[in-house]
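Novice:
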Amino acid sequence: MKTRLGTFIAVLSTLGLLASCAQMGPLEKQSDDINKAAQNARTYADHENLAKQYANTAKEIQVKAEEQKKLLQHYEEKSYLYGRQAQDIQSRTWALLNKYQQAAEENIHQAAFHQRMASELAKRDYAAPAEIPGQRNRENKAKVGSDPKDRI
């Protein structure tokens, strides 16, 4: 009894360790990097770069979606080759295709959002270095009170 319990705990902890050490896929890692950059975006250039990254990611995902469409079409046309598993394979492929299409759509929306943000910042000229608040007021005061005779 104790041996089985110990073996079960050892196997469970090994699986947990393996799952925690598993590497993320390139799109997942790229998505995490983009999300961090999106949270820190402040300037025109930041939003412009994010828009490009989201657009590129959307293109990559759309290519994967096209591959899944071709596979799904093949599985539907040649389902007799796969026997009993044909419907399972088709449903998994359809689900993955749907997931890719939704992810591509979301990336397109994010690219459009960041493009709008970049254009708004460009209109407001926020891409230039920020002024120090009250700097103009000090310059005006210095000009008005620059002559010591005027202070009387």
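With the numbering used here as the guide, the letters of the sequence shown map in order to residues 1 to 152.
Glycine included, C-beta positions come from ideal geometry on N, C-alpha and C.
What separation, rounded to the nearest whole angstrom, lies between the Cα atoms of A127 and Q85?
Specialist: Taking the sequence shown and counting its residues from 1, the one referred to as residue 127 is at position 127. Taking the sequence shown and counting its residues from 1, the one referred to as residue 85 is at position 85. Bear in mind that the predicted position of A127 carries a pLDDT of just 45, short of 50, making it unreliable; the figure below should be weighed with that in mind. Between A127 and Q85, the C-alpha separation is close to 57 Å.
Novice: Assuming Y54 and A111 form a contact by the criterion Cβ under 8 Å, report the distance between their Cβ atoms to the nearest whole angstrom.
Specialist: If you number the sequence shown from 1, residue 54 lands on position 54. If you number the sequence shown from 1, residue 111 lands on position 111. About 4 Å separates the Cβ atoms of Y54 and A111, confirming a contact at the 8 Å cut-off.
Novice: Kindly indicate which three-state DSSP category K99 falls into: helix, strand or coil?
Specialist: Counting from one through the sequence shown, the residue named residue 99 turns up at place 99. Residue state, collapsed to three classes: helix.
Novice: From the DSSP output, in three-state form, read off T3 for me.
Specialist: Here residue 3 refers to the residue found at position 3 when the sequence shown is read from its first residue. Helix at T3.
Novice: Is it the case that the Cβ atoms of Y100 and Q68 are separated by a distance below 9 Å?
Specialist: As a first step, residue 100 must be located in the sequence shown, where it is residue number 100. As a first step, residue 68 must be located in the sequence shown, where it is residue number 68. Contact flag set, yes.
Novice: Output needed for T93: all residues of its chain with C-beta closer than 7 Å, excluding positions within five of it in sequence on either side, in chain order.
Specialist: Taking the first residue of the sequence shown as position 1, residue 93 is located at position 93. Taken in chain order, the residues that qualify are Q68, L71, L72 and Y75.
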